[in-house]
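Sequences listed follow chains A and B, in order.
Under the working numbering, think of the first position of the first sequence as 7, with each following residue one higher.
Under the working numbering, think of the first position of the second sequence as 115, with each following residue one higher.
Even glycine gets a Cβ: it sits at the ideal position worked out from N, Cα and C.
The structure appears right after this line, and notes come after that.
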Amino acid sequence: MIKVKNVTKFYKPDTYALKKVNLDIAPGEFVSIVGQSGTGKTSLIKLIIAEEKPTEGQIIVGGWDITNIHPREVPFLRRQIGVVFQDYKLLQKKTVFENVAFALETCGSPRKKIENVIPQVLKIVGLEEKFDRYPFQLSGGEQQRVVIARSLVHKPKLIVADEPTGNLDSINTREIIDLLKKINELGTTVVLVTHDREVVNNLKRRVITVDDGQIISDQNKGRYVL
Amino acid sequence: MFLVEVARVFKFAFQSFFRNFWLSVVTVAIIALSLFSISFLLMINILTQHVLTVVKDRTQVYIDLTSQATADQITILLDELNKLPAVKEAVFVTPEQTLENFKERHKDNPLMIESIEALDKNPFTGSVKISVHEIADFPVILNELSRSDYSPFLEIEDQEFTESKLLVERISEYSQKIQRVFFFISLVFIIISILVVFNTIQIGIYTHREEIGIMKLVGASNKFVRSPFLIEGFMYSLLSIIILLILIYPFLTFIQPYINNFFKEYTLNLTIALNQNFFTVLGTELLVAVIITTSSSFLAIRRYINK
């Protein structure tokens with residue numbers, strides 16, 4: 007699903023966020039990328055969703071070489087990747103339904119499809135009753151579930167979640183992780199970036215540890231080792 | 115698919131306009147005020163042009179004839195003068211008309227009227243009234259009248275003519291200066307208005323930066339992200355023009371008496387002047403407003419769209 011070959015990311019004047027990173031994630035995997043702050047985890051995510059380009063190396067997502075992707079092609083890539091961030095990135099002046107529908111509307115999906123898909127994804131994340139609420143009327147966990155619902159509307163083969171539980175308490179954290187596991191069981195590849203030791207240890211899935219821009223450990227049923 | 119996208123773009127533009135209602139109101143108010151100021155300046159410009167044109171049109175020179183001038187000589191002189199391309203009109207003014215004009219001009223001055231009536235006979239001789247197309251053309255006429263064959267029946271005092279010439283030259287010079295000053299003031303004002311509107315739009319887009327980021331994140335194309343903001347900019351322009359229309363007519367009606375009082379017989383009815391140039395003035399302003407708002411939106415979004 008994701009192939010990262012010899013990727014280096016350099017920021018001027020003298021910072022190497024990633025150094026000669028190699029990574030291969032197969033379709034259907036649930037991978038946790040762990041590491042302390044500033045070690046290059048988020049830079050790696052930015053390269054995978056083509057928010058930035060690598061200084062060196064090659065990145066392939068779903069068989070598509072996005073190393074030098076043209077800006078005009080980026081929207082098509084983004085429609086194949088669901089992205090979840092710690093700070094939710096919800097539109098405060100849109101309801102739950104509108105926020106989720108937004109992802110389909112901006113891509114020109116017909117009204118009928120939107121009316122079919124949104125109740126389905128809201129049901130998956132357990133928010134079908136709160137479709138008319140605004141983000142400020144929801145808890146942190148619920149807001150994050152809206153984001154996950156939004157990331158699911160394009161039926162992506164890959165979901166990238168960058169610290170999705172960073173702002174949540176332990177109960178909400180468990181709910182979000184359970185939701186991601188459920189999505190993964192349905193066949194979607196999940197890449198989870200976190201520094202929550204408990205989450206990683208409970209998952210018992212593949213763990214990639216990043217430190218100082220390099221992968222220092224890659225275990226199939228790993229634990230948080232830092 | 116295309117129609118669905120167009121409909122969505124309009125929907126987002128309207129949603130953004132109404133959900134950020136007060137920001138929209140402020141933006142429209144600033145654009146409307148800028149347009150109003152520019153319109154006012156344009157109207158003042160039109161008024162100044164009008165006054166200068168009237169002054170130029172009314173600038174005439176009277177050349178006195180001697181009492182020996184015969185009717186034939188006067189006819190020949192008028193024919194020659196009217197043949198000159200620079201001359202708009204050359205007409206003979208009889209001594210009686212000159213006396214009447216004098217009395218009319220001094221009707222509020224009883225001493226003058228009494229003095230002229232105390233005389234046994236009309237002290238005025240006939241004269242030739244000359245109007246020209248361009249004030250600068252007076253020297254051409256001076257040359258023509260300086261011909262020796264006219265000297266027996268023309269009373270040209272060099273000093274008098276020179277004074278007239280100086281006066282008209284001064285008017286011409288002032289008119290050019292006023293035009294230049296107004297052009298400069300208008301230019302400065304238009305630049306200030308453009309900058310204010312540009313800045314307001316930039317602030318508006320800045321408040322939407324998060325939304326732009328999310329649109330990009332969920333896979334919206336750049337064109338789709340940009341279009342609602344461009345339409346919103348167009349809506350601002352259109353509303354500003356409507357507000358301008360609502361304000362400008364009562365305003366012109368309000369200031370008309372002051373304009374009349376100030377410019378007296380040189381005044382111009384601004385409402386009629388605006389009506390006569392309605393499509394030119396408002397069409398130009400709409401075009402300028404649309405260009406400013408959409409280009410401002412375009413430039414402001416570019417900063418966030420490429421992230």
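Beta carbon proximity, residue i to chain A, threshold 8 Å
i	result
residue 319 of chain B	no
residue 354 of chain B	no
residue 346 of chain B	no
residue 397 of chain B	no
residue 413 of chain B	no
residue 334 of chain B	yes
residue 328 of chain B	yes
residue 118 of chain B	yes
residue 340 of chain B	no
residue 331 of chain B	yes
residue 122 of chain B	yes
residue 323 of chain B	no
residue 417 of chain B	no
residue 294 of chain B	no
DSSP bridge partner residues for residue i (one or two, in chain order)
i	result
residue 179 of chain B	B/268
residue 64 of chain A	A/11
residue 39 of chain A	A/199 and A/214
residue 338 of chain B	Bridge partners of residue 338 of chain B: none, in fact.
residue 203 of chain B	B/245
residue 223 of chain A	A/215
residue 22 of chain A	A/16
residue 29 of chain A	A/10
residue 230 of chain B	Its beta-bridge partners do not exist; DSSP assigns none.
residue 174 of chain B	B/245
residue 165 of chain A	A/88 and A/196
CB-CB length for residue i against residue j, believed under 8 Å
i	j	result
residue 294 of chain B	residue 418 of chain B	Actually they are not in contact, since the Cβ atoms of residue 294 of chain B and residue 418 of chain B sit about 42 Å apart, beyond 8 Å.
residue 198 of chain A	residue 155 of chain A	That belief does not hold up - the Cβ atoms of residue 198 of chain A and residue 155 of chain A are roughly 17 Å apart, past 8 Å.
residue 161 of chain B	residue 373 of chain B	7 Å
residue 191 of chain B	residue 242 of chain B	7 Å
residue 41 of chain A	residue 217 of chain A	6 Å
residue 354 of chain B	residue 404 of chain B	Rounded, the Cβ-Cβ distance is 10 Å, inconsistent with contact.
residue 24 of chain A	residue 49 of chain A	6 Å
Short CB-CB distance (under 8 Å) between residue i and chain B
i	result
residue 111 of chain A	yes
residue 116 of chain A	yes
residue 81 of chain A	yes
residue 99 of chain A	yes
residue 27 of chain A	no
residue 102 of chain A	no
residue 139 of chain A	no
residue 76 of chain A	no
residue 95 of chain A	yes
residue 89 of chain A	yes
residue 233 of chain A	This structure gives no information on residue 233 of chain A, because the portion of chain A shown stretches from 7 to 232.
residue 201 of chain A	no
residue 229 of chain A	no
residue 180 of chain A	no
residue 85 of chain A	yes
residue 156 of chain A	yes
Collapsed DSSP secondary structure at residue i in the structure displayed
i	result
residue 137 of chain A	coil
residue 56 of chain A	coil
residue 387 of chain B	helix
residue 86 of chain A	coil
residue 248 of chain B	coil
residue 92 of chain A	coil
residue 16 of chain A	strand
residue 358 of chain B	helix
residue 71 of chain A	strand
residue 193 of chain B	helix
residue 332 of chain B	coil
Contact list for residue i against chain D, beta-carbon separation under 8 Å
i	result
residue 151 of chain A	Considering every chain present, this structure includes no chain D. Its protein chains are A and B.
message = If contact is defined by three or more beta carbon pairs under 8 Å, each pair taking one atom from either stretch, is the stretch 9-26 of chain A in contact with the stretch 51-67 of chain A?
response = Segments in contact, yes.
ask   = If you pair each beta-carbon of the stretch 150-159 of chain B with each one of the stretch 334-343 of chain B, do three or more pairs fall below 8 Å?
value = Cβ pair count under 8 Å is below three, so no.
message = When you compare the stretch 328-336 of chain B with the stretch 88-101 of chain A, are there three or more beta-carbon pairs, one atom per stretch, that lie closer than 8 Å?
response = Verdict: yes, contact present.
inquiry  = Tell me whether the stretch 30-50 of chain A and the stretch 184-194 of chain A touch, counting them as touching only if at least three CB pairs, one residue from each stretch, are closer than 8 Å.
reply    = By the Cβ criterion, the stretch 30-50 of chain A is in contact with the stretch 184-194 of chain A, since at least three pairs of Cβ atoms, one from each stretch, lie closer than 8 Å.
message = Three Cβ pairs or more, each shorter than 8 Å: is that satisfied between the stretch 202-217 of chain A and the stretch 141-157 of chain A?
response = Output reads no: the stretch 141-157 of chain A does not touch the stretch 202-217 of chain A.
contact_flag[the stretch 130-140 of chain B, the stretch 341-361 of chain B] where n(CB pairs < 8 Å) is 3 or more = These segments touch.
ask   = Would you call the stretch 115-125 of chain A and the stretch 368-386 of chain B touching, i.e. three or more CB-CB distances under 8 Å?
value = Result no; under three Cβ-Cβ pairs closer than 8 Å.
message = For the structure I just gave you, are there three or more beta carbon pairs, one from the stretch 170-190 of chain B and one from the stretch 245-259 of chain B, closer than 8 Å?
response = Put simply, the stretch 170-190 of chain B touches the stretch 245-259 of chain B. At least three CB pairs are less than 8 Å apart.
query = So, do the stretch 159-174 of chain A and the stretch 45-56 of chain A have three or more beta carbon pairs nearer to each other than 8 Å?
reply = Taking 8 Å as the limit for Cβ pairs, the verdict is that the stretch 45-56 of chain A does touch the stretch 159-174 of chain A.
inquiry  = Assess contact between the stretch 99-115 of chain A and the stretch 133-148 of chain A, defined as three or more Cβ pairs (one per stretch) separated by less than 8 Å. Is contact present?
reply    = The answer is yes - the stretch 133-148 of chain A touches the stretch 99-115 of chain A, with three or more Cβ pairs under 8 Å.
message = Under 8 Å, with one C-beta from each stretch per pair, do the stretch 404-417 of chain B and the stretch 301-319 of chain B reach the 3-pair mark?
response = Contact between the stretch 404-417 of chain B and the stretch 301-319 of chain B is present, because at least three Cβ pairs lie under 8 Å.
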